[in-house]
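> Take a look at the following structure, please.
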Amino acid sequence: MRKSRTRRILAAVLAVGAAAVFLGASQGTQTDPLVTMSYINEVTAPQILSDVDARLDQREQALVDRLDASIARYERDMEQKLSGSAGTGTAGTSSAFTVVNVAAGRQLTGATGFEFLLRSGSATAVAASAPGLIDTTGGGTLASGGAVEPNHLYLTTAEGRGLKAVTDLTVLVRGSYTLT
């Protein structure tokens, strides 16, 4: 009886071992892969794409928020600069171009770096020494007493340089200036 029982146990162990070897050998073959392509296409890939889309949307929203904040800050700065500009009195400072009307016989002079552009009328350059004004449009200089060309941008290199109105003028100015 004992031998019979031992034989049964041995046969069962061998059967289980043979089944394990048979099943283990057939797993993961080309005909029976561990993960099917349809599982990857239908479950895994859409989930990965969904996660990537969510992360990209979050990153895009963060960048849009930063850009909106930068634009708002820039607009606020520009509005402050524009609202702080002067030019209708006898002296002023402007970080943006401002329209100034100059009556015939008056002088418009500025600080170093003052810029102006004659829009209408005729004027002559005013400067204590050479070079009088830098004509940034023409790429040259204008001596004191020389005719200021309309629609040319001029730059002063020293305090007290500018123009004298021969007729009534309309001038665009940027920078610190005095009207005398």
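Under mature numbering (1 follows the signal peptide of the UniProt record, and there is no 0), the letters of the sequence shown match residues -25 to -1, 1 to 155, in that order.
Backbone N, C-alpha and C define an ideal beta-carbon position, used for all residues, glycine too.
1) I'd like to check one pair, Ala47 with Leu144: are the Cβ atoms closer than 9 Å?
2) What first and last residue would you give for the beta strand (DSSP E) that runs through Phe89?
3) Please state whether DSSP places Leu147 in a helix, a strand or coil.
4) Quick one: what's got a C-beta closer than 7 Å to Lys139's C-beta in the same chain, skipping five residues either side?
5) List, from N- to C-terminal side, the beta strand (DSSP E) runs of 3 residues or more that fit wholly inside the segment 78 to 147.
6) Within this structure, are the beta carbons of Leu128 and Thr153 separated by less than 9 Å?
7) Is Val10 helix, strand or coil when you go by DSSP?
8) Whose C-alpha, out of Glu124, Gly115, Gly121, Ile109, is nearest the C-alpha of Thr132?
This is what the structure gives:
1) In the sequence shown, the residue the question calls residue 144 occupies position 169. In the sequence shown, the residue the question calls residue 47 occupies position 72. No.
2) By one-based count along the sequence shown, residue 89 stands at place 114. Neither: Phe89 is in no beta strand (DSSP E) and is coded neither H nor E.
3) Locating residue 147 in the sequence shown gives position 172, where the first residue counts as 1. Note: Leu147 maps to strand in three-state DSSP.
4) Here the question's residue 139 lines up with position 164 in the sequence shown. Taken in chain order, the residues that qualify are Gln82, Ala98, Thr99, Val101.
5) Taking 3 residues as the shortest admissible run, the segment 78 to 147 contains the following complete beta strand (DSSP E) segments, listed from N- to C-terminal end: 82 to 85, 90 to 95, 98 to 101, 108 to 110, 115 to 117, 128 to 130, 136 to 140.
6) Residue numbering aside, residue 128 sits at position 153 when the sequence shown is read from its first letter. Residue numbering aside, residue 153 sits at position 178 when the sequence shown is read from its first letter. No; because the gap between Cβ atoms is not below 9 Å, this pair is not in contact.
7) Mapped onto the sequence shown, residue 10 falls at position 35. Under the three-state reduction of DSSP output, Val10 falls in the coil class, being neither helix nor strand.
8) Mapped onto the sequence shown, residue 132 falls at position 157. Thr132 has its Cα closest to that of Ile109, out of Glu124, Gly115, Gly121, Ile109.
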